[in-house]
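Residues in the sequence shown are numbered consecutively from 987, following our numbering. The block underneath contains the structure these notes are about, expressed in structure tokens.
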Amino acid sequence: MYTVSYKDEDKHFETREAAIEAAKSLTDGSRAAAQISDEHAVESFVYREGEMESYVYDLRRVEQIRRGALENESDDADDDGATAEASNG
987 MYTVSYKDED KHFETREAAI EAAKSLTDGS RAAAQISDEH AVESFVYREG
1037 EMESYVYDLR RVEQIRRGAL ENESDDADDD GATAEASNG
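Right, here's the structure in full:
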């Protein structure tokens, strides 16, 4: 999910492409900026006058998300193991 923030309004889009098209359209002919961000705060874009002004891809955030996912999988494995041991004992 992507959020386009323009002036005091936020709009949500399922796809990156739809969010980009909306930001281009909202800012075409306007000096006001529209910011796009994804739900994990990995990508962010700024559009002004219908053109992309900046783009950031946060590799540190990707690593944090990946590490968090692995930790959650590890926690699940520990829980399963503890349950299996308790039921065997």
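Heads up, the beta-carbon is just placed ideally off N, CA and C, and yes, glycines get one too.
First through last residue of the beta strand (DSSP E) which encompasses residue i
i, result
"alanine 1019", "1019-1024"
Neighbourhood of residue i by C-beta, 7 Å cutoff - its chain only, sequence neighbours within 5 removed
i, result
"serine 1016", "Glu1035"
DSSP beta-bridge partners of residue i
i, result
"threonine 989", "His998, Ser1023"
Residues near residue i by beta carbon distance below 6 Å, same chain, minus five either side
i, result
"valine 1028", "Asp1044, Arg1047, Val1048"
"alanine 1020", "Val990, Tyr992, Ala1009, Leu1012, Thr1013, Tyr1033"
"glutamate 995", "none"
"serine 1040", "Val1032"
"valine 1042", "Ser1030"
"aspartate 1024", "Tyr988"
Cut-off 8 Å between Cβ atoms - residues of its own chain near residue i, not counting five sequence neighbours on either side
i, result
"glutamate 1003", "none"
- Enumerate, from N- to C-terminal direction, the unbroken alpha helix (DSSP H) stretches of 4 or more residues contained entirely within the region 1021-1050. Taking only runs of at least 4 residues, no alpha helix (DSSP H) segment lies wholly in the region 1021-1050.
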